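Letter by letter, the sequence shown follows residues 658 to 862 in this note's numbering.
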Amino acid sequence: MIYRILMVLLATLWLAGCGPVKFDNVQMEQGERPVATKLTEEQKKSISGLKQALLRLSPNVSEQEATILAHDSVVYSMVLANKYKLTYPPLWHNVLVNSKKRPRGLCYHWQRDLMTHFRKKKLQTFDLKEGVAYEKDYWREHNTMVVTAKGQSFDSGVVIDPWRNSGILAWAPVTNDKYPWKLRVWKDQPVKKVSKADERVPAAN
């Protein structure tokens, strides 16, 4: 019954303004580097602001790595939107994925694809972590990537979330975002993969 109600609501949203999302200004160069033929002022501002937020994480982080993280977080998110054949709004796209009308595009798909992309960069001064909000709540659970300075706690990091705005990157300090993020640690994940800083952080309620 709840699922049917949700479908009716989402169908109403579709008629009211749902539609495809397409970014014509981005592409992958040689399969690994996301490039933009032209960036809007808003996109440039997002990249610049994110870079500064990453640099503020620690005096020991690399400016070059911060530049890569900021640029690719914004541009690669748009590449993924095209790859997913994204439809707005995000919840409607989730319905399309769950009904096998679209291949990917759930929040954890964005998270995993971004982390896979950045792991190829072999970052030396930043850590990539999995963030989860409302864990195990079927209707509310949300997953995202969080970037911290090397060895620093999850709560000190920056949220990298392209899902919520349909490929337009949303980013914010973990503690300032609207979602109650916590570090996701899988039951079969070795303890050694959790940083000492995160071991000192109490689990979220």
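For every residue, glycine included, the Cβ atom is placed at its ideal position computed from N, Cα and C.
A quick note: this is a predicted structure, and the numbers were derived from the prediction, not measured.
{"Query": "How far does the beta strand (DSSP E) with asparagine 800 in it extend, from its first residue to its last?", "Result": "799-806"}
{"Query": "Should lysine 850 be labelled buried (16 or more other beta-carbon atoms within 10 Å of its own) or exposed?", "Result": "With a pLDDT of 48 at lysine 850, under the threshold of 50, the predicted position of this residue should be treated as unreliable, and no value is reported."}
{"Query": "Does DSSP classify tryptophan 838 as helix, strand or coil?", "Result": "coil"}
{"Query": "Where does leucine 748 land, buried or exposed, given buried means 16+ other C-beta within 10 angstroms?", "Result": "exposed"}
{"Query": "Answer with buried or exposed for tryptophan 767, where buried requires no fewer than 16 other C-beta atoms within 10 angstroms of its C-beta.", "Result": "buried"}
{"Query": "Taking threonine 805 as the reference, which of Glu699, Trp843, Met772, Thr782 has the closest Cα?", "Result": "Thr782"}
{"Query": "Note the first and the last residue of the continuous alpha helix (DSSP H) segment covering glutamate 698.", "Result": "698-712"}
{"Query": "Buried or exposed for glutamate 722, going by 16 or more other Cβ atoms inside 10 Å?", "Result": "buried"}
{"Query": "Could you please give the first and the last residue of the uninterrupted beta strand (DSSP E) stretch that includes glutamate 787?", "Result": "783-790"}
{"Query": "In the DSSP assignment, what are the bridge partners of tryptophan 828?", "Result": "Ile817"}
{"Query": "Glutamate 787: buried (16+ other C-beta within 10 angstroms of its C-beta) or exposed?", "Result": "buried"}
{"Query": "Taking the alpha carbon of aspartate 729 as the reference point, which residue from Gly814, Ile825, Asn717, Lys679 has its own alpha carbon closest?", "Result": "Ile825"}
{"Query": "Is the separation between the beta-carbon of aspartate 818 and that of methionine 802 shorter than 9 Å?", "Result": "yes"}
{"Query": "Which first and last residues belong to the alpha helix (DSSP H) in which proline 747 is found?", "Result": "747-755"}
{"Query": "Looking at the structure shown, is valine 851 part of a helix, part of a strand, or coil, going by DSSP?", "Result": "For valine 851, the predicted model reports a pLDDT of 48, less than 50, meaning its position is unreliable; a value from the coordinates is still stated below. If DSSP states are grouped into helix, strand and coil, valine 851 belongs with coil."}
{"Query": "For serine 810, count the other beta carbons within 10 Å of its own beta carbon; 16 or more makes it buried, fewer makes it exposed. Which is it?", "Result": "buried"}
{"Query": "Name the one or two DSSP bridge partners that proline 716 has.", "Result": "In the DSSP output, where bridge partners are listed per residue, proline 716 has none listed."}
{"Query": "According to DSSP, is glutamate 689 part of a helix, a strand, or is it coil?", "Result": "coil"}
{"Query": "Helix or strand or just coil, what does DSSP make of threonine 724?", "Result": "helix"}
{"Query": "Using the C-alpha atoms, what's the distance from alanine 727 back to lysine 708?", "Result": "5 Å"}
{"Query": "Which same chain residues end up closer than 7 Å to valine 678 when comparing Cβ atoms and leaving out the 5 residues on each side of it in sequence?", "Result": "Ala738, Leu743, Thr744, Tyr745, Ser823, Gly824"}
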